[in-house]
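Participant: Chains as they are written, first to last, in my numbering: chain L, 1 to 140; chain E, 1001 to 1140; chain P, 2001 to 2140. The structure that follows is given in the form of structure tokens.
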Amino acid sequence: MWRQYKFTVRSRGRGTYDITREINDHLLQAGITMGLANVFVHHTSASLILCENADPAVRRDLETFMAHMVPDGDPMFEHISEGPDDMPAHVRSVLTHNALTIPITGGQLALGTWQGIYLWEHRKHPHPHSRSVTVTFHGD
Amino acid sequence: MWRQYKFTVRSRGRGTYDITREINDHLLQAGITMGLANVFVHHTSASLILCENADPAVRRDLETFMAHMVPDGDPMFEHISEGPDDMPAHVRSVLTHNALTIPITGGQLALGTWQGIYLWEHRKHPHPHSRSVTVTFHGD
Amino acid sequence: MWRQYKFTVRSRGRGTYDITREINDHLLQAGITMGLANVFVHHTSASLILCENADPAVRRDLETFMAHMVPDGDPMFEHISEGPDDMPAHVRSVLTHNALTIPITGGQLALGTWQGIYLWEHRKHPHPHSRSVTVTFHGD
């Protein structure tokens, strides 16, 4: 059995957005007991991660780390047409994930106790931004 | 045909643990000729990589590189509740992989000659630690 | 329905090679309407990324970034048997992707407007080098 759907995340500037419940709720409706879930983001300046979901400081520290490793406005970058966060957003996207594949077990996403699914918006847009995500469930 | 099973890696401190044979042995029993294998780790401070399997120095150098790029005890990190290697373990996990998807061809994992599957334990626990891995095989 | 095939990229030194059309053309022949495409590279010194495909400066900047983050000839590396770019190639491979999984929607790869599929050759071989890629399509 296959189920595929698309949804939009309204990001409000750089940061991580929890999409775990959105995906798990759809899985419950799909009625698949065992198989795989694929989550895919259709952008090159936003990405997906599985991250510790208990202490928000973990996600703040991830931002701190990335800001240190890939600084905005670094003069080594040539592609700056959309601003100082443009090329760093592409680098952050390449270093994390465009897609996650997660097992389905017992009708649920088989995530570990502390694993949440996050869309990571890497652009600093002050206004809301729409990010498209496709989820594909497949199994019995 | 779907086959899914879970196993545990007993890690003994930071380092890489070869799980290629464990997975290939199960695939031989599953009797799937062509398809995909998904390997998933249920943690946010351990991860998975495909890595050169001939010279152990490659994996030592990966440790050296990570220790340099994400130093333990870096004062920029706020999430330090479990010690100086706590937040670096989460960063290392995000920069590598929670899941690997590998083709099955001719009844075997279609790995390159030098590709091994490794669980990478990022915590420095001096005592053994259990890490859960789910493998999902799917194919004809 | 499953379709699996293998092809070779002839790389000519370090850099990114667009393989989007190669894969999409095969998908059109496979006649799969909805499902998933898995792209896998059988090497540990070349990798796969989804990257912005409009401005070539983005890929030049990715090279600049990687050359800065993982410098060739860094004396911290022990595995140097094939030259100063040997171990950096393995690190770059681990930090990017051995496999990409992309949804198939409406008979096509459901890539975003600016997403291209690239093989990233990390070795500086002056002579052409063959890189093997396996593509697995699965769906209805």
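Ideal placement from N, C-alpha and C gives every residue a C-beta, glycine not left out.
Just to check my reading of the structure: Thr101(L) and Thr2101(P) have Cβ atoms closer than 8 Å, yes? What is that Cβ distance to the nearest angstrom?
Facilitator: So it is a contact: roughly 6 Å between Cβ atoms.
Participant: In chain L, which residues lie less than 8 Å from Met2004(P) when you measure between Cβ atoms?
Facilitator: Correcting the residue identity first, residue 2004(P) is Gln in this sequence and not Met. By Cβ distance, chain L contributes nothing, its closest Cβ being about 16 Å from Gln2004(P), past 8 Å.
Participant: For the segment 1037 to 1101 of chain E, which segments carrying the alpha helix (DSSP H) assignment without a break, of at least 4 residues, lie completely within its bounds, in sequence order?
Facilitator: DSSP runs (the alpha helix (DSSP H)) wholly in the segment 1037 to 1101 of chain E: 1056 to 1069, 1086 to 1095.
Participant: Using 9 Å as the threshold, is the C-beta distance between Asn24(L) and His138(L) below it?
Facilitator: Not in contact: Asn24(L) and His138(L) (Cβ atoms no closer than 9 Å).
Participant: Reducing DSSP to helix, strand and coil, say where Asp140(L) ends up.
Facilitator: In this structure, Asp140(L) counts as coil in the three-state DSSP scheme.
Participant: Could you check whether Gln108(L) and Leu50(L) sit closer than 9 Å to each other, using their CB atoms as the reference points?
Facilitator: For Leu50(L) and Gln108(L), no; Cβs fall outside 9 Å.
Participant: May I ask you to list, following chain order, the residues of the segment 38 to 60 of chain L that have a beta carbon less than 9 Å from some beta carbon of chain P?
Facilitator: Under the 9 Å Cβ criterion, the segment 38 to 60 of chain L contributes Asn38, Phe40, Val41, His42, His43, Thr44, Ser45.
Participant: What does a CB cutoff of less than 6 Å around Glu1052(E) pick up in its chain, not counting 5 residues either side in sequence?
Facilitator: Within the same chain, Glu1052(E) has close Cβ partners Val1058, Trp1114.
Participant: Assign His68(L) to buried or exposed, taking buried as 16 or more other Cβ atoms, counted over all protein chains shown, within 10 Å of its Cβ.
Facilitator: Looking at its Cβ environment, which holds fewer than 16 other Cβ atoms inside 10 Å, His68(L) is exposed.
Participant: If you check the beta carbons only, do Pro2103(P) and Thr44(L) fall under 9 Å apart?
Facilitator: No. Outside cutoff.
Participant: Give the single residue among Phe2065(P), Met2087(P), Met2066(P), His2042(P) whose Cα lies nearest to the Cα of Pro2075(P).
Facilitator: Among Phe2065(P), Met2087(P), Met2066(P), His2042(P), the Cα nearest to that of Pro2075(P) is on Met2087(P).
Participant: Less than 8 Å between the CB atoms is what I'm expecting for Pro128(L) and Ser11(L), so what's the real figure, rounded?
Facilitator: That pair is a contact at about 7 Å.
Participant: Cβ closer than 7 Å: which chain L residues qualify as neighbours of His1079(E)?
Facilitator: What His1079(E) touches in chain L: Asp55, Ala57, Val58, Asp61.
Participant: Give the DSSP bridge partners of Leu2109(P), in chain order.
Facilitator: For Leu2109(P), which the question treats as bridged, DSSP gives the partners Ile2104(P).
Participant: Throw me the rounded Cβ distance for the Ile1032(E) and Met1066(E) pair, which I believe falls under 8 Å.
Facilitator: 34 Å between Cβ atoms; not a contact.
Participant: Which residue from Gly1035(E), Leu1028(E), Ala1054(E), Arg1060(E) puts its Cα closest to that of Thr1016(E)?
Facilitator: Among Gly1035(E), Leu1028(E), Ala1054(E), Arg1060(E), the Cα nearest to that of Thr1016(E) is on Arg1060(E).
Participant: With DSSP as the reference, please indicate the residues paired to Gly1015(E) in a beta bridge.
Facilitator: In DSSP, Gly1015(E) forms a bridge with Glu1121(E).
Participant: Have a look at Pro2126(P), Ile2117(P), Leu2111(P) and flag the residue whose alpha-carbon is nearest the alpha-carbon of Glu2022(P).
Facilitator: Cα-wise, what sits closest to Glu2022(P) is Ile2117(P).
Participant: Less than 9 Å between CB atoms is the rule here; does Val1009(E) satisfy it with respect to chain L?
Facilitator: Chain L contact via Cβ: absent.
Participant: Short check: CB of His42(L) to CB of Ala2110(P), under 9 Å?
Facilitator: In contact: His42(L) and Ala2110(P) (Cβ atoms closer than 9 Å).
Participant: Beta-carbon of Gly1107(E) versus every beta-carbon of chain P: anything under 9 Å?
Facilitator: Answer no: the Cβ-Cβ gap between Gly1107(E) and chain P never drops below 9 Å.
Participant: With 9 Å set as the bound, which would you pick, yes or no: does the beta-carbon of Met2066(P) sit closer than that to a beta-carbon of chain C?
Facilitator: Of the protein chains in the structure, L, E and P, none is chain C.
Participant: Buried or exposed: where does Asp1085(E) fall if 16 or more other Cβ atoms within 10 Å of its Cβ makes it buried?
Facilitator: Asp1085(E) comes out buried.
Participant: DSSP three-state label for Thr2134(P), please.
Facilitator: Of the three classes helix, strand and coil, the one that applies to Thr2134(P) here is strand, per DSSP.
Participant: Report the residue from Gln1029(E), Lys1006(E), Thr1064(E) whose alpha carbon sits nearest the alpha carbon of Arg1014(E).
Facilitator: Ranking the options by Cα distance to Arg1014(E), first place goes to Thr1064(E).
Participant: Out of curiosity, what's the CA-to-CA distance linking Trp120(L) and Thr134(L)?
Facilitator: Cα to Cα, the separation comes out at about 15 Å.
Participant: Just tell me which of Glu1078(E), Leu1062(E), Arg1092(E), His1090(E) has its CA closest to the CA of Glu2078(P).
Facilitator: The residue with the shortest Cα to Cα distance from Glu2078(P) is Leu1062(E).
Participant: What in chain E is Cβ-close to Thr2136(P), meaning under 7 Å?
Facilitator: Within 7 Å Cβ-Cβ: Leu1036, Pro1103.
Participant: According to DSSP, simplified to helix, strand and coil, what is Thr2033(P)?
Facilitator: Of the three classes helix, strand and coil, the one that applies to Thr2033(P) here is coil, per DSSP.
Participant: Between the Cα of His122(L) and those of Leu28(L), Gly112(L), Pro71(L), Gln29(L), spot the shortest distance and give me the residue it belongs to.
Facilitator: Of the candidates Leu28(L), Gly112(L), Pro71(L), Gln29(L), the one whose C-alpha sits nearest the C-alpha of His122(L) is Pro71(L).
Participant: Nearest to Val91(L) by CA position, among Leu1095(E), Ala1089(E), His1090(E), is which residue?
Facilitator: Cα-wise, what sits closest to Val91(L) is Leu1095(E).
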